[in-house]
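For the sequence shown, position 182 matches number 181 in numbering that gives the first Met the number 0, and the numbering has no gaps at all.
We treat Cβ as the ideally placed atom computed from N, Cα and C, and that holds for glycine.
Everything below concerns the one structure shown next.
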Amino acid sequence: MGAQQAMELIIRRARLAEGGVVDVAVSGGRIAAIGALPATLAATTQLDLRGEAWLSAGWIDSHVHCYAASPLYHDEPDRVGIAGGVTTVVDAGSSGADDVADFRQLASGAQTRVLALLNIARTGIRTQHELADLAQIDADAARRAIADHAGFIVGLKARMSGSVVGDNGLHPLRIAKAIQRDNGDLPLMVHIGNDPPRLEEIADLLGAGDIITHCFNGKPNRILTPQGEVRAAVTQALARGVRLDVGHGSASFSFEVARQAIALGLLPDTISSDIYCRNRLQGPVYSLAAVMSKFLAIGMTLPQVIACVTHQAADALRLAGRGRLAVGAEADLTLFTLTDAPQHYLDADGASVHASQHLSPLAAVVAGVLYPTDTWSAEYVC
Ligand code: ZN
Ligand code: ZN
């Protein structure tokens, strides 16, 4: 890289969560340089964060609902994506084999990168009980959808709680595991909630590559025993490589459970929102940044929280080339502030915590293109 080569975008004096202040240059949609760049290096757009605002690899929300045509849980990808500083959203099972093509078509106009976990029910989440009728699980249709939408479908989703599976118990999960095996061992995200099935039975079927979402829900079938210990089946599943995803949502996040789990050394692998229009507008989710701020409030560090929405999310969903600041990687970045301001946050059960700091996204950068949020300040433009 010569100093004479004009860049598309240079971001100067950006703070990093892991420490230090760097400049980042973007060319051809990719990160061209990271470090202290010469002042003479020219760019179409130059920003100076003055060591005040932060930069990370682009935030990845591992669990959202953004299939705009879905009747139950729907939203616009850019509202849950770039509007909140999120560069990649992963829709967790809103669509199935019947409608994933329609979802992909609708999402193709978004500036946010949109990926999908295919619901093992061919109808997706068109009802609250998509796995109560086993005839809805069609392995051949799933295989065709995965082949037709390679690169868009990055994994599978199975909602394994009583209201979803009806009388079918673990059966849908066994079929999900078979579909996973037959399709290159794609990541499988499993929603947990009220039993049946019991969490122990679910956890016993999971292994490396599988993700438990709603991991800190406060329902009786939670990851902790009534005595406050981690259920043995969960500990064993984690030892096999199962990952924990937050999936906050309207009814699936408890500060008490999260605090206890973290005190026992159980950190989430990925922090995700389970956002859709209603819990975005009316709470208790609001945004990925708000969910991340809750984890700061209960004792996770900024580097830990950022890891959960960058490289750990990329690893969990096997998104090669995402989630890391590296020369040559696609220039997906999130610019944000960490503000000292007292605030109360509510979990999904109505419990509140006091937070002294909160994260606010300033902008998303997707493939080198800057998308400012509502909290962007023109002061950062040189
Ligand atoms: Zn769920
Ligand atoms: Zn969800």
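When Cβ pairs closer than 8 Å are counted between the two stretches, the region 186 to 199 is seen not to touch the region 139 to 152, the count staying below three. Checking the DSSP bridge columns, you'll see Ile30 partnered with Val25.
Contact between the region 26 to 45 and the region 6 to 17 is present: 3 or more CB-CB pairs across the two stretches fall below 8 Å. Between the alpha carbons of Gly165 and Leu130 lies a distance of about 7 Å. A direct Cα-Cα distance of roughly 43 Å separates Ser55 from Asp132. By the Cβ test, the region 290 to 309 is not in contact with the region 157 to 164, since fewer than three Cβ pairs between them sit closer than 8 Å.
Residues with their Cβ less than 5 Å from any non-hydrogen atom of ligand 2, running along the chain, are Ala91, Asp273. No heavy atom of ligand 1 is found nearer than 7 Å to the CB of Gly165.
Where Val164 is concerned, there is no enclosing beta strand (DSSP E), although the alpha helix (DSSP H) around it starts and stops at 161 to 164.
For secondary structure counted as the beta strand (DSSP E) over 3 or more consecutive residues, the region 311 to 354 holds these complete runs in sequence order: 332 to 345. Within the DSSP bridge table, the entry for Arg242 names Ile210 as partners.
In terms of Cα proximity to Ala35, the closest of Ala96, Asp22, Thr44, Ser94 is Asp22. The beta-carbon separation of His247 and Val284, rounded to 5 Å, stays under the 8 Å limit for a contact.
DSSP places Glu51 in the coil class of the three-state scheme, outside both helix and strand.
Comparing alpha carbon positions, the residue from Gly27, Val25, Gly19, Val88 closest to Ser286 is Val88. By the criterion of a C-beta distance shorter than 7 Å, Gln179 is surrounded in its chain by Leu155, Leu185, Leu187, once the five residues flanking it on both sides are discounted. By the neighbour-count criterion, in which 16 or more other beta carbons inside 10 Å mark a residue as buried, Gln281 falls on the exposed side. DSSP lists Thr336 as the beta-bridge partner residues of Ser359.
Distance from the CA atom of Val326 to the CA atom of Gln303, rounded to whole angstroms, is 22 Å. The beta-carbon distance between Tyr379 and Leu46, rounded to whole angstroms, is 5 Å. This is short enough to meet the 8 Å contact definition. Look at Glu7 here: in three-state DSSP terms it is strand.
Contact between the region 230 to 240 and the region 269 to 281 is absent: fewer than 3 CB-CB pairs across the two stretches fall below 8 Å. Between Leu223 and Ala250, the C-beta spacing is not below 8 Å. Of the other Cβ atoms in all chains shown, fewer than 16 fall within 10 Å of the Cβ of Pro70; this residue is therefore exposed. Under the three-state reduction of DSSP output, Ser292 falls in the helix class.
For Gly83, the secondary structure class from DSSP, reduced to helix, strand or coil, is helix. Counting only residues of its own chain and dropping the five nearest sequence neighbours on each side, Asn216 has a CB closer than 6 Å to the CB of Ser251.
With a beta-carbon spacing of about 16 Å, Ile145 and Leu318 fall beyond the 8 Å limit used to define contacts.
Between ligand 1 and His190, a heavy atom-to-CB distance of less than 7 Å is present.
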